[in-house]
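To start, the structure under review is shown below, and the notes come after it.
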Amino acid sequence: MSELAVEIKDLVKEFPTAIKRTPHRAVDQVSLTIAPGQVYGLIGPNGSGKSTTMKALLGLLAPTSGSCEIFGKNSLKTDSRKDVGYLPENPYFYKHLTGRETLKFYGKLCGMKGSSLKARIEELLELTSLGEAGGRRLAGYSKGMLQRIGLAQALIQSPRLLILDEPTAGVDPLGSRQIRDLILNLKSQGITVFLCSHLLEQVQEICDTIGIIHQGKMLKQGPLDKLVALEDQTEVMLQNASPQLLAKIKQLVTADPESTFLSCSHPRTSLERLFLEETK
Ligand SMILES: Nc1ncnc2c1ncn2[C@@H]1O[C@H](COP(=O)(O)OP(=O)(O)O)[C@@H](O)[C@H]1O
Ligand SMILES: [Mg+2]
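When we follow this note's numbering, the leftmost residue of the sequence shown carries the number 88, and every step to the right adds one.
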C-alpha cells in the first residue's frame, strides 16, 4: 500500500478554561486519512475545531491524545514539516516588503538561496498571477492578492502537501475564483491539498473528499461524489425540446409503474458564474 499523505488518529485537543474546571474539548476523537494527490476539504461552522486540527497536524499544537502523521512521520518531529506548505487563517505579512521580497524572506527561512531561490520566486509569482505586482509593497495588495502571496509562500520549497486554512475567506468573487483555479492547478500537478472552509459551495467545487466537523466531532466523511449523489434520481438534459416532446416523455414515465416524474425545468447557472460573466 502506498504511503498516506496525512493520517490523523483519534485526535483530541483540550484547552484549559479560565472559569470552568473541566477543559474545553476543541477536537474530539477526530480521525482522517488523505491519500497522495487528494484534495480534502474539512467543513464546519466557526469554532468547530478546523484550525485546531490543522495546527495539530502541523505540530504547532501537541495533541491531548491521539496522533498525527505527515507522509508517515509523526507531526511532533521536525522532519515531518519538510514536505509541507501552510497558509494560516489571516496570515500576517510585513506590509513594507514587496511581493518578491516577501518570498525571498520565506525562501531564506527555509534555507534556500542564490539563483535557485530567485528562479523559484519568479515561477511562483507567475503561477499566482502576481508577476506585475511582485515589485509592489504588500501594503497596496488586495485581500485576494495577499492570500495569493500567502499561497506562493506556502509553495516556496515545493511541498508535496499543502495545508490551507480558509484560503478564500473574505476574498471578493473574482479573487476567490483565482484562488480556487490555483488550487485546481496544484491538484493537477499531483500536490495533496488539505483545506478547511465554511464556504460550502467552494469546497464542493474543488475537493474530491470532504469531512464535516461540528463541535469538535467528525460527523461524516468520504468521497464528495458519493456523499452528495441522489442515487435514486436521474437527470436528463435536452436542448430545444418542444412542449409536445416533453408531454410525450411525461406520458411514458407516468405509464411506467416503477418511476415517478419529479420535475421538468430550465437549468440555472450559478450566481457566481453569472457574476463573473457580467464583470468580465
Ligand atoms: N489557543 C486556544 N486556547 C483556548 N481555546 C482555543 C484555542 N484555540 C482554539 N480554541 C477554541 O477551540 C474551539 C475550536 O477553535 P478553532 O479550531 O479555531 O475552530 P474553527 O477553525 O473551526 O473556527 C473554539 O471554541 C475556540 O474558541
Ligand atoms: Mg479556523
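Yeah, the Cβ is synthetic: ideal placement off N, Cα and C, and Gly gets one too. Keep in mind that this is a model prediction, so the values were computed, not measured.
### Task
Could you pull out every unbroken beta strand (DSSP E) segment of at least 3 residues lying fully inside the stretch 200 to 285, listed in chain order?
With a minimum length of 3 residues, the continuous beta strand (DSSP E) runs that stay inside the stretch 200 to 285 are 248 to 252 and 279 to 284.
### Query
Would the beta-carbon of S138 be found less than 7 Å away from any heavy atom of ligand 2?
Within the sequence shown, residue 138 is the residue found at index 51, counting from 1. Placement of the Cβ of S138 at a distance of less than 7 Å from at least one heavy atom of ligand 2 is found.
### Query
Per DSSP, what kind of secondary structure is T120 in: helix, strand or coil?
Locating residue 120 in the sequence shown gives position 33, counting from the first residue. T120 falls in the strand class under three-state DSSP.
### Nearest-angstrom Cβ-Cβ length linking A113 and G136, presumed shorter than 8 Å
In the sequence shown, residue 113 corresponds to position 26, counting from 1. In the sequence shown, residue 136 corresponds to position 49, counting from 1. About 5 Å separates the two Cβ atoms, so the contact holds.
#### Entry: Helix, strand or coil at G134 [DSSP, three-state]
Position 47 of the sequence shown, counting from 1, holds the residue named residue 134. In the three-state DSSP reduction, G134 falls in the coil class, being neither helix nor strand.
#### Entry: Beta bridge counterpart(s) of P310 as assigned by DSSP
Within the sequence shown, the letter at position 223 stands for residue 310. Looking at the DSSP assignment, P310 forms a beta bridge with T296.
### Query
Do you know how far the Cα of F102 is from the Cα of F362?
Locating residue 362 in the sequence shown gives position 275, where the first residue counts as 1. Locating residue 102 in the sequence shown gives position 15, where the first residue counts as 1. Distance between F362 and F102, taken at the CA atoms: about 43 Å.
### Task
Indicate whether the contact test is met: 3 or more Cβ pairs, each with one atom in the stretch 178 to 186 and one in the stretch 134 to 153, closer than 8 Å.
No, they do not touch.
### Query
What do you reckon, is the C-beta of F281 under 7 Å from a heavy atom of ligand 1?
Translated into positions along the sequence shown, residue 281 becomes position 194. No; taking the cut-off as 7 Å, the Cβ of F281 has no heavy atom of ligand 1 nearer than that.
### Query
Less than 8 Å separating the beta-carbons of E94 and T120?
Taking the first residue of the sequence shown as position 1, residue 94 is located at position 7. Taking the first residue of the sequence shown as position 1, residue 120 is located at position 33. Remark: C-beta atoms of E94 and T120 approach each other more closely than 8 Å.
### Query
In or out: R108 buried (at least 16 other Cβ within 10 Å) or exposed?
On the sequence shown, position 21 is the one that residue 108 refers to. The residue is exposed, with fewer than 16 neighbouring Cβ atoms inside 10 Å.
#### Entry: Residue nearest to K230 in terms of C-alpha spacing, selected from F348, D295, L339 and F180
Taking the first residue of the sequence shown as position 1, residue 230 is located at position 143. F180 is the residue among F348, D295, L339 and F180 whose C-alpha sits nearest the C-alpha of K230.
### Task
Please report the residue range of the alpha helix (DSSP H) in which E359 lies.
Residue numbering aside, residue 359 sits at position 272 when the sequence shown is read from its first letter. Start and end: L358 to T366.
### Task
Note the first and the last residue of the continuous beta strand (DSSP E) segment covering E318.
Numbered from its first residue, the sequence shown carries residue 318 at position 231. Counting along the chain, E318 sits inside no beta strand (DSSP E), nor does DSSP assign it H or E at all.
### Beta-carbon spacing of V171, L248 below 8 Å
Taking the sequence shown and counting its residues from 1, one reaches residue 171 at position 84. Taking the sequence shown and counting its residues from 1, one reaches residue 248 at position 161. In contact: V171 and L248 (Cβ atoms closer than 8 Å).
### Task
Decide if the stretch 342 to 358 is in contact with the stretch 274 to 282; the criterion is three or more beta carbon pairs, one per stretch, under 8 Å apart.
Contact fails: fewer than three Cβ-Cβ distances are below 8 Å.
### Query
Does the Cβ-Cβ distance between G194 and I208 come in under 8 Å?
The residue given as residue 194 occupies position 107 in the sequence shown. The residue given as residue 208 occupies position 121 in the sequence shown. The answer is yes: Cβ separation under 8 Å.
#### Entry: Opposing strand residues paired with E156 [DSSP bridges]
Position 69 of the sequence shown holds residue 156. DSSP, once it has assigned bridges, lists E94 and N161 as partnering E156.
### Message
Taking the alpha carbon of E253 as the reference point, which residue from L261, Q234 and R264 has its own alpha carbon closest?
### Response
Taking the first residue of the sequence shown as 1, we reach residue 253 at position 166. Distance from the Cα of E253 is smallest, within the candidate group L261, Q234 and R264, for Q234.
### Buried/exposed call for E156, threshold 16 Cβ in 10 Å
Position 69 of the sequence shown holds residue 156. The residue is buried, with at least 16 neighbouring Cβ atoms inside 10 Å.
### Query
Three or more C-beta pairs closer than 8 Å, one from the stretch 129 to 143 and one from the stretch 282 to 298: is that the case here?
Taking 8 Å as the limit for Cβ pairs, the verdict is that the stretch 282 to 298 does touch the stretch 129 to 143.
### Task
For F102, name the three-state secondary structure that DSSP assigns.
The residue given as residue 102 occupies position 15 in the sequence shown. In the structure shown, F102 falls within a strand segment according to DSSP collapsed to helix, strand and coil.
### Query
What do you reckon, is the C-beta of D252 under 7 Å from a heavy atom of ligand 2?
Translated into positions along the sequence shown, residue 252 becomes position 165. Inclusion of D252 in the 7 Å shell around ligand 2 follows from its C-beta lying nearer than that to a non-hydrogen atom of the ligand.
### Query
From the DSSP output, which residues share a beta bridge with G128?
As a working note, residue 128 is residue 41 in the sequence shown. DSSP lists L282 and I297 as partners of G128.
### Query
Taking just the CA atoms, how far does A92 sit from Q291?
Counted from its first residue, the sequence shown places residue 291 at position 204. Counted from its first residue, the sequence shown places residue 92 at position 5. Between the alpha carbons of Q291 and A92 lies a gap of roughly 21 Å.
### Query
What is the residue span of the beta strand (DSSP E) that V171 lies within?
Translated into the one-based positions of the sequence shown, residue 171 becomes position 84. Boundaries of the beta strand (DSSP E) around V171: V171 to L174.
#### Entry: Candidates I293, L214, G124 and S275, of which the one nearest L238 by Cα
For the purposes of this step, residue 238 is identified with residue 151 of the sequence shown, where counting begins at 1. Comparing alpha carbon positions, the residue from I293, L214, G124 and S275 closest to L238 is L214.
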